[in-house]
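Protein chains in written order, with numbering that gives the first Met the number 0: chain A, 0 to 353; chain B, 0 to 353.
2 protein chains.
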Amino acid sequence: MTEPPPDFRRLACPVPVTTGPTVQMAHGGGGRMSKALTDRVFLPAFRNEALAALHDGATLERPAGRIAFTTDTYVVRPIFFPGGDIGSLAVHGTVNDLAMCGARPLALSTGYLLEEGFPLADLERVVASMRDAALRVGVPIVTGDTKVVDRGKGDGVYVNTAGIGVVPDGVEIAPARVRAGDRVLLSGGIALHGIAILSVREGLAFEAAIESDSAPLHDLVAAVLAAGGPGVHVMRDPTRGGVASATNELAFAAGVGMVLDERAVPVREDVRGACELLGLDPLYVANEGKLLAIVAPDVADAVLAAMRGHPLGREAAVVGEVTRGPAGRVTVRSRVGGTRLLDMMSGEQLPRIC
Amino acid sequence: MTEPPPDFRRLACPVPVTTGPTVQMAHGGGGRMSKALTDRVFLPAFRNEALAALHDGATLERPAGRIAFTTDTYVVRPIFFPGGDIGSLAVHGTVNDLAMCGARPLALSTGYLLEEGFPLADLERVVASMRDAALRVGVPIVTGDTKVVDRGKGDGVYVNTAGIGVVPDGVEIAPARVRAGDRVLLSGGIALHGIAILSVREGLAFEAAIESDSAPLHDLVAAVLAAGGPGVHVMRDPTRGGVASATNELAFAAGVGMVLDERAVPVREDVRGACELLGLDPLYVANEGKLLAIVAPDVADAVLAAMRGHPLGREAAVVGEVTRGPAGRVTVRSRVGGTRLLDMMSGEQLPRIC
Numbered sequence: 000m001t002e003p004p005p006d007f008r009r010l011a012c013p014v015p016v017t018t019g020p021t022v023q024m025a026h027g028g029g030g031r032m033s034k035a036l037t038d039r040v041f042l043p044a045f046r047n048e049a050l051a052a053l054h055d056g057a058t059l060e061r062p063a064g065r066i067a068f069t070t071d072t073y074v075v076r077p078i079f080f081p082g083g084d085i086g087s088l089a090v091h092g093t094v095n096d097l098a099m100c101g102a103r104p105l106a107l108s109t110g111y112l113l114e115e116g117f118p119l120a121d122l123e124r125v126v127a128s129m130r131d132a133a134l135r136v137g138v139p140i141v142t143g144d145t146k147v148v149d150r151g152k153g154d155g156v157y158v159n160t161a162g163i164g165v166v167p168d169g170v171e172i173a174p175a176r177v178r179a180g181d182r183v184l185l186s187g188g189i190a191l192h193g194i195a196i197l198s199v200r201e202g203l204a205f206e207a208a209i210e211s212d213s214a215p216l217h218d219l220v221a222a223v224l225a226a227g228g229p230g231v232h233v234m235r236d237p238t239r240g241g242v243a244s245a246t247n248e249l250a251f252a253a254g255v256g257m258v259l260d261e262r263a264v265p266v267r268e269d270v271r272g273a274c275e276l277l278g279l280d281p282l283y284v285a286n287e288g289k290l291l292a293i294v295a296p297d298v299a300d301a302v303l304a305a306m307r308g309h310p311l312g313r314e315a316a317v318v319g320e321v322t323r324g325p326a327g328r329v330t331v332r333s334r335v336g337g338t339r340l341l342d343m344m345s346g347e348q349l350p351r352i353c
Numbered sequence: 000m001t002e003p004p005p006d007f008r009r010l011a012c013p014v015p016v017t018t019g020p021t022v023q024m025a026h027g028g029g030g031r032m033s034k035a036l037t038d039r040v041f042l043p044a045f046r047n048e049a050l051a052a053l054h055d056g057a058t059l060e061r062p063a064g065r066i067a068f069t070t071d072t073y074v075v076r077p078i079f080f081p082g083g084d085i086g087s088l089a090v091h092g093t094v095n096d097l098a099m100c101g102a103r104p105l106a107l108s109t110g111y112l113l114e115e116g117f118p119l120a121d122l123e124r125v126v127a128s129m130r131d132a133a134l135r136v137g138v139p140i141v142t143g144d145t146k147v148v149d150r151g152k153g154d155g156v157y158v159n160t161a162g163i164g165v166v167p168d169g170v171e172i173a174p175a176r177v178r179a180g181d182r183v184l185l186s187g188g189i190a191l192h193g194i195a196i197l198s199v200r201e202g203l204a205f206e207a208a209i210e211s212d213s214a215p216l217h218d219l220v221a222a223v224l225a226a227g228g229p230g231v232h233v234m235r236d237p238t239r240g241g242v243a244s245a246t247n248e249l250a251f252a253a254g255v256g257m258v259l260d261e262r263a264v265p266v267r268e269d270v271r272g273a274c275e276l277l278g279l280d281p282l283y284v285a286n287e288g289k290l291l292a293i294v295a296p297d298v299a300d301a302v303l304a305a306m307r308g309h310p311l312g313r314e315a316a317v318v319g320e321v322t323r324g325p326a327g328r329v330t331v332r333s334r335v336g337g338t339r340l341l342d343m344m345s346g347e348q349l350p351r352i353c
């Protein structure tokens with residue numbers, strides 16, 4: 000009933016993966032300590048058949064549709080924030096990029112880039128969060144890689160996730176399908192993620208904590224596609240650069256114009272207040288659990304109803320319309336009347352937001 | 000015939016992606032400067048239909064077989080080295096991980112992690128090298144992401160590549176298929192990559208430059224599979240940790256033992272000399288263009304002949320045999336007689352080798 004003495008523990012685990020509290024260069028060297036880190040931290044968390052094969056890559060069954068493929072690297076600071084952390088964000092972000100292609104997520108990969116000295120306890124917390132997020136989505140993490148860089152050449156942890164998904168036959172989501180007259184739908188209140196991150200960084204306290212909206216959108220997308228069918232022309236999650244950048248990118252890629260109605264864009268009152276305090280336009284602030292859908296006018300009502308019937312889309316709204324042009328030009332009818340050009344952000348509003 | 004004055008150039012390109020010589024934080028912000036970097040550097044280099052869709056993910060046709068999926072992050076220093084650079088290495092390494100699953104490469108993704116202040120000219124050189132390597136393989140880079148971190152939180156450039164490939168029906172490459180009596184084949188002379196990197200770092204000059212063996216192995220693998228058919232049980236490219244770590248990992252995963260013959264392992268004379276000078280065992284030094292194949296004894300001669308008939312396998316050799324056990328135990332009959340345990344590397348021999 001007594002604790003084993005320290006030297007017994009050391010005998011039980013000759014590799015110092017758990018006795019040392021931080022990441023060491025040798026954890027990335029491809030030798031015994033790399034294997035120990037994989038065996039102790041990554042494999043138990045991400046347990047699945049493909050990963051258990053311990054091969055350099057995973058092999059998956061022949062998929063029943065076209066393949067969607069995406070990647071993102073996550074560098075958010077702080078790594079733990081209200082409503083999430085870099086691990087859950089890395090799963091949600093990549094699942095969402097797949098969902099924006101109309102794809103059901105099939106598998107994720109993960110590449111950890113660790114700085115020497117990063118606490119193993121923090122790594123384990125990030126990995127556990129990633130595991131939980133993937134389990135909730137129902138997508139396995141089937142292959143991965145870990146590299147360690149010397150102290151001062153990284154920032155604790157960066158995470159890359161790539162994802163593959165299956166696009167069901169008949170689903171065709173592409174900017175080229177957008178037409179003048181299409182409606183622009185937004186799934187809910189904007190600017191939560193950016194404000195959550197910034198309020199931690201700036202040490203701001205609001206009456207109620209503003210949490211990131213980080214969430215997986217694959218299920219909301221399934222509802223949108225079921226309701227709108229081929230009338231769903233394109234979708235985009237307005238992350239870095241916010242709704243302004245996402246609509247500009249879509250207008251540019253589709254060769255159309257867009258007019259948004261600022262009064263129709265849902266913004267929570269406390270978020271609007273925080274934006275005013277910080278001098279930010281909510282249209283430019285990052286989201287991690289919202290989507291823009293551009294749909295044919297005849298399915299707009301059905302898609303809006305489907306969004307509002309989903310837990311992640313209760314505040315969905317029609318926020319604008321596609322115009323013939325000029326290509327790439329997005330204007331907004333402002334809250335105070337009049338219209339203004341909604342340009343892409345030219346600098347960087349919030350560095351390392353995702 | 001005179002140079003346009005500076006302000007004219009600024010008018011022609013209001014976004015300072017080319018007038019500033021280094022990466023800035025705003026290049027990763029998701030706004031106008033991110034778009035400019037993508038438009039000027041990445042899109043022209045990686046030009047292809049899926050990428051041109053400018054979506055968050057790429058969509059590919061339904062593949063004719065099972066899917067292989069892999070990822071790796073590259074942190075090699077220096078980023079330019081004899082025989083390659085971080086860009087070509089990132090393509091070759093991920094193509095090789097797919098090839099080790101028996102897969103033909105279908106598409107790559109790329110995630111750039113840039114440090115503020117990194118010279119854009121170096122970025123363009125890395126991107127061009129990545130483009131050339133992908134073109135030689137014939138694999139498109141279909142989706143990507145760029146993040147920028149503040150000065151002192153990175154090291155110029157890190158590159159993640161994920162890859163998907165197609166495993167033809169009938170090909171079944173897995174550690175579980177390895178049997179006692181199988182032959183261990185090695186495709187050529189070892190330790191080139193590690194010694195090439197280390198000689199630059201240490202400022203060593205040898206009579207002839209030792210260049211990295213960085214090369215894509217998909218075509219050599221196709222030759223191996225054509226010759227050995229289902230007799231090819233598993234393949235592995237001995238990168239970080241070298242032949243010693245790769246054989247240990249395979250023996251562990253397959254639950255078998257292995258005996259290698261050190262005299263049969265090809266090592267170039269100048270490489271052996273460099274290893275002696277540096278106090279390194281070539282069996283532990285990284286390779287980036289070699290493969291180990293474990294094959295049934297009845298196809299060993301045919302696979303060896305196929306390797307030797309390929310430009311990347313001219314010095315191929317049978318270097319060992321699989322034994323019943325103990326599971327995970329690799330021994331080597333040394334050059335001077337006697338056998339020794341070939342353990343996994345326990346620390347890190349060469350940090351940031353890939």
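Glycine residues also receive a C-beta, built at the ideal position from the N, C-alpha and C atoms.
- Among the CB atoms of chain B, none fall inside 8 Å of the CB of A:Ile189.
- A contact between stretches requires three or more CB pairs, one per stretch, nearer than 8 Å, and the stretch 251–258 of chain B fails this requirement with the stretch 200–208 of chain B.
- In the displayed model, A:Glu320 falls within a strand according to three-state DSSP.
- Counting only runs of at least 4 residues, the stretch 28–53 of chain A fully encloses the following alpha helix (DSSP H) elements, listed from N- to C-terminal order: 31–36, 42–45 and 48–51.
- Taking a contact to require three or more Cβ pairs closer than 8 Å, the stretch 178–191 of chain B and the stretch 102–109 of chain B do not qualify as touching.
- In this structure, B:Met344 is the residue among B:Met344, B:Leu203, B:Pro350 and B:Glu114 with its C-alpha nearest to the C-alpha of A:Ala35.
- According to the DSSP assignment, A:Thr238 belongs to no alpha helix (DSSP H), since it is labelled neither H nor E.
- When rounded, the separation of the alpha-carbon atoms in A:Ala315 and A:Val298 is 15 Å.
- C-alpha of A:Ile163 to C-alpha of A:Pro237: approximately 20 Å in a straight line.
- Under the 10 Å beta carbon count, B:Gly337 is surrounded by fewer than 16 other beta carbons and is classified as exposed.
- Residues of chain B whose Cβ lies closer than 7 Å to the Cβ of A:Phe79 do not exist, since the nearest Cβ in that chain is about 17 Å away.
- Relative to the Cα of A:Gly153, the nearest Cα in the group A:Val74, A:Val318, A:Val231 and A:Ala305 belongs to A:Val74.
- One Cα belongs to B:Arg61, the other to A:Thr142, and the distance between them is close to 21 Å.
- For A:Phe41, there are no C-beta contacts with chain B under 7 Å, since the nearest C-beta of that chain is about 13 Å from it.
- Its Cα nearest to that of B:Asn247, the residue B:Leu291 stands out among B:Glu114, B:Leu279, B:Leu291 and B:Ile352.
- Bridge partners of B:Ala301 according to DSSP: none are assigned.
- When DSSP assignments are scanned along the stretch 190–240 of chain A, the uninterrupted stretches of alpha helix (DSSP H) that are 4 or more residues long and fall wholly within it turn out to be 191–200 and 217–227.
- The beta carbon of B:Val166 sits closer than 8 Å to some beta carbon of chain A.
- Put simply, the backbone Cα of B:Arg124 is about 14 Å away from that of B:Leu113.
- Of the residues B:Val264, B:Glu171, B:Glu48 and B:His26, the one whose Cα lies closest to the Cα of B:Ser186 is B:Val264.
- Under the Cβ distance rule, A:Arg339 does not count among the residues neighbouring chain B, no pair being separated by less than 8 Å.
- Taking 8 Å as the threshold, the shortest C-beta distance from A:Phe117 to chain B does not fall below it.
- B:Met257 sits in a strand when the DSSP states are folded into three classes.
- Taking each of A:Leu224, A:Ala195, A:Arg328 and A:Ala161 in turn and checking the Cα distance to A:Gly92, the smallest one comes out for A:Ala161.
- Residues Phe80 and Ile352 of the same chain have their beta carbon placed closer than 6 Å to that of A:Ile196, with the five preceding and five following residues left out of the count.
- Residues of chain B whose Cβ lies closer than 9 Å to the Cβ of A:Thr330 do not exist, since the nearest Cβ in that chain is about 17 Å away.
- Against chain B, a Cβ distance below 8 Å from A:Phe45 picks out nothing, because the smallest value is about 13 Å.
- B:Val318 and B:Glu201 have their C-alpha atoms some 31 Å from each other.
- Residue environment: B:Gly241 is assigned as buried (16 or more neighbouring CB atoms within 10 Å of its CB, all protein chains considered).
- Fewer than three Cβ pairs drawn from the stretch 213–228 of chain B and the stretch 265–282 of chain B lie within less than 8 Å of each other, which leaves the two stretches out of contact.
- Taking C-alpha positions only, B:Arg46 is separated from A:Leu216 by approximately 29 Å.
- With distances taken between CA atoms, B:Arg65 lies nearest to A:Gly56 out of A:Thr21, A:Phe251, A:Gly56 and A:Val90.
- For B:Glu60, the nearest CB of chain A lies under 8 Å from its own CB, placing it at the interface with that chain.
- DSSP, reduced to helix, strand and coil, places B:Glu114 within a strand of the structure shown.
- From the listed residues A:Ser213, A:Ile172, A:Tyr157 and A:Phe251, the smallest Cα separation to A:Ala285 is found for A:Ser213.
- Residues of the same chain with a CB within less than 7 Å of the CB of B:Arg239, apart from the 5 flanking positions on each side, are Ala285, Ile352 and Cys353 in chain order.
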